[in-house]
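Chemist: In the numbering used here, the protein residues as written are 585 to 660. Backbone N, C-alpha and C fix where the C-beta goes; we use that ideal spot for every residue, glycine too. Below are the structure tokens for one structure; questions will follow.
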């Protein structure tokens with residue numbers, strides 16, 4: 585019998601990303617804008633759900649936070 589791995593993706597709206605990261609709405613949008621001085625290539629890219637709606641994959645946000653925690657540990 586083959587074991588199937590189930591992936592449960594949760595899509596986060598901007599309010600949830602703000603709450604999880606403690607970043608402001610404008611900072612998040614600056615971080616995903618390649619033309620911005622605050623662009624962060626490592627910050628998760630949003631996915632387009634509809635023409636007017638974007639969201640972020642929850643695991644990618646948590647992975648990004650873990651990388652920030654690891655960077656803090658490496659700096660000390």
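Kindly indicate if chain D contains any beta-carbon less than 7 angstroms away from that of residue 628.
Modeler: Absent from the structure is chain D; it holds one protein chain and no more.
Chemist: Given 8 angstroms as the limit, is there contact between the segment 636-649 and the segment 595-609, that is, 3 or more CB pairs closer than that?
Modeler: Yes: at least three Cβ pairs fall under 8 angstroms.
Chemist: Tell me whether residue 631 sits in a helix, a strand or coil according to DSSP, three-state version.
Modeler: DSSP places residue 631 in strand when its eight states are reduced to three.
Chemist: So who's on the other strand from residue 637, going by DSSP bridges?
Modeler: According to DSSP, which records beta bridges pairwise, residue 637 is partnered with 634.
Chemist: Can you tell me the Cβ-Cβ gap for residue 644 and residue 628, rounded? I've got them flagged as a contact below 8 angstroms.
Modeler: About 4 angstroms separates the two Cβ atoms, so the contact holds.
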